[in-house]
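Enquirer: One structure follows; several queries about it will come next.
2 protein chains.
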Amino acid sequence: VTLASLDELAMDAARAELDRKTKPRGSLGRLEELAVKLAGIHGPGAPRFAAVVAAADHGYAEESVSAYPAEVTRQMLLNFAAGGAAVCGLARVAGAELVVVDAGVREPVELAAVRSARIGAGTRNATQGPAMTRAQALRALDAGHELASGLDGVTAIALGDMGIANSTAAAALHAALLGVPASDVCGPGTGLDERGVRHKAQVVERALAANSPLGDDPVDVLAALGGFEIAFLAGVALGASATHKAVVLDGFIVCAAALVAARLEPSCIGFMIASHLSPEPGHRLGLDALGLRPLLDLELRLGEGTGAVLALPLLRAARAILSEMATFEQAGVTDAGR
Amino acid sequence: VTLASLDELAMDAARAELDRKTKPRGSLGRLEELAVKLAGIHGPGAPRFAAVVAAADHGYAEESVSAYPAEVTRQMLLNFAAGGAAVCGLARVAGAELVVVDAGVREPVELAAVRSARIGAGTRNATQGPAMTRAQALRALDAGHELASGLDGVTAIALGDMGIANSTAAAALHAALLGVPASDVCGPGTGLDERGVRHKAQVVERALAANSPLGDDPVDVLAALGGFEIAFLAGVALGASATHKAVVLDGFIVCAAALVAARLEPSCIGFMIASHLSPEPGHRLGLDALGLRPLLDLELRLGEGTGAVLALPLLRAARAILSEMATFEQAGVTDAGR
């Protein structure tokens, strides 16, 4: 893993520049903080966005933890490729290039619009042992790292996921990595009722028990509780931060990937931006563990990176206050706040 | 005042269409609510945005209620015209046409980039009687109404304000229209300390006393406690809703204009969208009175319409999920949530 750190000098320069702009100091609140962070991540370059949406199938689906059947993962991958899914339109209006990845759906999708990074034909059922091998987890991390590193000229990558039953995988990873009970991090996902949520928590407890003891190595935890797209997205987060790109998180599933990446390389947290707060109960716990505060609270619970691409215009706006505003001196405005 | 109402049939059709799209029902949360609201406001047309920023001077400035001297109003008007203010860059990246209005700064600004709708050379000091005459208030309302009505093809207008001491006028209007004490609605504005905030509340109390009894006519309340730009923006809200355009509110000062408009014509509330929650304590009270929930919480306290234009990409995104997403049927995705 390549180490990367924020450019503190660039951040200081951005703070000083913001204080010369024609506005009371700090009056653009969190937009100014975002402008400073982006300066530290990638410097003064104009924003260029990509959205990486990775899809994979999950052995957890055998445990009836989703309102949708497993074949929907592949159907939605085709929908991403055809431009009909929510994230497609939202990425388009946000000006983000959409990169669709098959990280391991059950049946391969052979389409030019889908990048293949297949680690397997879906994970195994983690209630019966590891979801994937350690070698598979490492391969997925590498593939994500490579994809993110190769997105030349991109300044921010929005992360998105698709995978029927993946909120169960995300819950298991949150429970294991944060050391909290399954019931604290299990929610309705895309549409379970209360009974379904209780069942999901039991499935997570069984997966944790079947893989006990988990140990401290985050790759082993990832392999045990898994999700190929989660592993791939953790790699994207690592590759993006290593190559000085902002990592724009989506909801609960992407947060699981972020927690894995942060455990592997804590410095990558500085490159992360939390786009939105999901109603999924574990999401806030995950973001708190990362020390990140979400920009939006729109009660989104779709995934696909929809929340992440919705936040991209705020990154463009944060950059614009640095690049487009006049200073007090340039505009001849009295600076009473000096 | 022309009455306007939301198109309930269009809203029902939008709800039904959203439920056919390839996503769990309701999973795009408040973005779906926004899409439905916009369908009711202006129908299926592609979004086209304007930002109307009105500036004026205030007699309250004589009472030392701002961290900035009164001449900054005119300096900032010139900065808007030159494109150097925060709202200029933010409007540009949001794709909004910027309309800059002189609603009554002390010295006129004669520039092609500034529309003149001057009601006077700043308001009078409301601690000594009405800030403006009833005729002036009506003239400002009309001018705003006319400007908004004339923005052909525009689907949403972001409202912005500039005026040294105008958070004092906004506080007085909130106190009078909501029936709350001045101390509940006075905050630091662009940078007062605690002592300054207490002084501002006393100035508001004096303005309320000097104009007592205020009566129930919102035009009289507006004239007494005033602000030419606030009156003008109330007119913009009325004209926009009368011509089926969304009214995107900014912070505390624009909220005062919205309260006046809502008192004059309650149906216009349906056309309003609250962009952000300001840290100014009265803002939440004002939005609660309007029954509006803000989209963003970024601790913005600049005004100028900066929060309103920051929310415009969410309007574009809300429209995109209706116009660009495939249905379950079109995409061949299994609809388990039916």
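Line by line, the protein sequences are chains A and B. Its first residue numbered 1, the first sequence is counted upward by one per residue in our numbering. Its first residue numbered 1001, the second sequence is counted upward by one per residue in our numbering. Glycine included, every Cβ here is placed at the ideal spot set by N, Cα and C.
1) Pairing CB atoms from the region 70-87 of chain A with CB atoms from the region 305-312 of chain A, are three or more of them under 8 Å?
2) Can you tell me where the alpha helix (DSSP H) with F1271(B) in it begins and where it stops?
3) What whole-angstrom Cβ distance do S27(A) and R1301(B) have, given they're in contact under 8 Å?
4) For the pair the region 1204-1219 of chain B and the region 1031-1051 of chain B, tell me if three or more CB-CB distances fall below 8 Å.
5) Would P1245(B) pass as a contact of A1148(B) if the rule is Cβ separation under 8 Å?
6) For Q1128(B), count neighbouring C-beta atoms within 10 Å of its own C-beta (all shown protein chains included) and say buried if the count is 16 or more, exposed if not.
7) Beta-carbon separation of L1296(B) and S1267(B) under 8 Å?
8) In angstroms with no decimal places, state the Cα-to-Cα distance between A1013(B) and D1335(B).
9) Below 8 Å between beta carbons: does that hold for A1126(B) and L1264(B)?
10) Decide yes or no for the touch test of the region 1315-1323 of chain B against the region 46-65 of chain A: beta carbon pairs closer than 8 Å, at least 3 of them.
11) Let me make sure I understand the geometry here. Which of Q1330(B), E1062(B) and L1312(B) has the alpha-carbon closest to that of I1157(B)?
12) Report the residues of the region 80-107 of chain A with a CB closer than 9 Å to any CB of chain B, ordered along the chain.
13) Count the other C-beta atoms from every protein chain shown that fall within 10 angstroms of the C-beta of S1005(B), then say buried if there are 16 or more, exposed otherwise.
14) Please list the partners that M1162(B) has in chain A, where partner means a Cβ-to-Cβ separation under 8 Å.
15) Taking the Cβ atom as the reference point for each residue, do A117(A) and A103(A) lie within a distance shorter than 8 Å?
16) When you compare only the Cα positions, how much space is there between T155(A) and L1259(B)?
17) Any beta carbon from chain A within less than 8 Å of G1187(B)'s own beta carbon?
18) Out of R1139(B), G1270(B), E1071(B) and E1063(B), which one is the CA nearest neighbour of A1169(B)?
19) Between which two residues does the beta strand (DSSP E) harbouring S116(A) extend?
20) Closer than 8 Å is the cut-off here; do at least three beta carbon pairs connect the region 1175-1189 of chain B with the region 1327-1334 of chain B?
21) Check whether the Cβ of M1076(B) lies closer than 8 Å to any Cβ atom in chain A.
22) With a threshold of 6 Å on Cβ separation, who are the neighbours of V1109(B) within its own chain once the five nearest residues in sequence on each side are excluded?
23) Out of curiosity, what's the CA-to-CA distance linking A1113(B) and A326(A)?
24) If the criterion is Cβ atoms closer than 8 Å, does the pair F252(A) and G286(A) meet it?
25) Who are the neighbours of P1069(B) on chain A, taking C-beta pairs under 9 Å?
26) Mind checking who E1097(B) pairs with in its DSSP beta bridge?
27) Helix, strand or coil: how does DSSP classify T352(A) here?
28) For D1193(B), write down the residues that DSSP places opposite it in a beta bridge.
29) Cα-Cα, which of A1317(B), V1072(B) and A1261(B) is closest to I1164(B)?
30) For A1135(B), does the count of other Cβ atoms within 10 angstroms reach 16, so buried, or fall short, so exposed?
31) So, for P1044(B): in the same chain, excluding its five sequence neighbours on each side, which residues have a beta-carbon less than 8 Å away from its beta-carbon?
32) Would you mind telling me which residues of chain A sit closer than 7 Å to T1190(B), beta carbon to beta carbon, in chain order?
33) With 8 Å as the threshold, decide whether the Cβ of M325(A) is near any Cβ in chain B.
34) Say whether chain B places a C-beta atom closer than 8 Å to the C-beta of E299(A).
35) For G1160(B) and V1254(B), which I take to be in contact (beta-carbon distance under 8 Å), what is that distance rounded to the nearest angstrom?
36) Within the 8 Å Cβ cut-off, does L1302(B) reach chain A?
Expert: Considering the structure as presented:
1) yes
2) It is not in any alpha helix (DSSP H) - F1271(B) carries neither H nor E in the DSSP assignment.
3) 5 Å
4) no
5) According to the sequence shown, residue 1245(B) is Lys rather than Pro. Yes; because the gap between Cβ atoms is below 8 Å, this pair is in contact.
6) exposed
7) no
8) 19 Å
9) no
10) no
11) L1312(B)
12) A82, G83, G84, A85, A86, C88, G89, L90, R92, V93 and A94
13) exposed
14) Chain A residues near M1162(B): none, gap ~11 Å exceeds 8 Å.
15) yes
16) 41 Å
17) no
18) E1063(B)
19) V114 to S116
20) no
21) yes
22) L1077 and D1102
23) 17 Å
24) yes
25) T334 and A336
26) A1050(B)
27) Residue 352(A) is absent from the structure shown; chain A starts at 1 and stops at 338.
28) Answer is none; D1193(B) lacks a bridge partner.
29) V1072(B)
30) exposed
31) A1010, L1322 and S1323
32) P24 and S27
33) yes
34) yes
35) 7 Å
36) yes
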